[in-house]
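Numbering (this note's numbering), first residue to last: 456 to 694.
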């Protein structure tokens, strides 16, 4: 189950090139009095993670309350505001419709989450891709139609998230320390996937702005374009 303070991971595409991000842990309880009591214990020297594991109502208790990096629009609005207003290292409390949260704000940053087709083409052209990893979240059928040559792509189909999501968070598939480029058809699925990766500890993730369709139009027309023919439920995520 998802953390009750978080909106669904794949709720919406990223619209801005630069977004605010915060990294935090939290303890979710029913009442303000309980939240104040937890704060007193933490300030008295008790481990935040141990308390979260013991009393938090959020599923993040299995990680000691750790939520990872998150961006604007990924958490309840009151929760986000409290985090972005606070200084790194501070404890803050806030009430949302889920209950009372004691939050340890660990860090904040501005992060580039989109790479333009021209930027990707330029880096590939000068060989500036060493140490990077490239992820394509399109379906295998889409990849057969069009792909970007010159690098090795790791295919993690967006609609098969249930099969690879836990492996990503466990660090079994990708290296969270490497710069990661994510692509799809039009940039929607890749933006959502980039958000998920950043929330789960990846240090540097960029989504290809406009997807492989924009890359074909703006950077390399030779690879061609295609139209998705998916129907029904799958069509809603064919970006």
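C-beta: ideal position from N, C-alpha, C; glycine also.
For residue i, name the three-state secondary structure that DSSP assigns.
| i | result |
| --- | --- |
| residue 677 | helix |
| residue 645 | helix |
| residue 661 | strand |
| residue 530 | strand |
| residue 500 | coil |
| residue 486 | coil |
| residue 629 | coil |
| residue 682 | coil |
| residue 514 | helix |
Going by DSSP, which residues form a beta bridge with residue i?
| i | result |
| --- | --- |
| residue 523 | 479 |
| residue 589 | 608 and 636 |
| residue 558 | 481 and 547 |
| residue 569 | 662 |
| residue 563 | 477 |
Could you tell me if residue i is buried or exposed, where buried requires 16 or more neighbouring beta carbons within 10 angstroms of its beta carbon?
| i | result |
| --- | --- |
| residue 642 | buried |
| residue 501 | exposed |
| residue 611 | buried |
| residue 562 | exposed |
| residue 682 | exposed |
| residue 672 | exposed |
| residue 668 | buried |
| residue 503 | buried |
| residue 487 | exposed |
| residue 564 | exposed |
| residue 537 | buried |
Give every residue of the same chain whose Cβ lies closer than 7 Å to the Cβ of residue i, excluding the five residues on either side of it in the sequence, and list them in chain order.
| i | result |
| --- | --- |
| residue 605 | 579 |
| residue 494 | 546, 548 and 557 |
Sorted by chain position, which residues of the same chain lie with C-beta nearer than 6 Å to residue i's C-beta, five sequence neighbours on each side aside?
| i | result |
| --- | --- |
| residue 520 | 480, 481, 482, 507 and 511 |
| residue 548 | 490 and 557 |
| residue 656 | 523 and 631 |
So, at 8 Å on beta carbons, what are the nonlocal neighbours of residue i in its own chain, with the 5 sequence-adjacent residues on each side left out?
| i | result |
| --- | --- |
| residue 661 | 567, 568, 569, 570, 634, 635, 636, 637 and 649 |
| residue 680 | 601, 668, 671 and 672 |
| residue 533 | 549, 550 and 551 |
Does the pairing of the stretch 632-652 with the stretch 536-556 give three or more beta-carbon distances under 8 Å? no
Check whether the stretch 570-590 touches the stretch 620-635, taking contact to mean three or more Cβ pairs, one atom from each stretch, closer than 8 Å. yes
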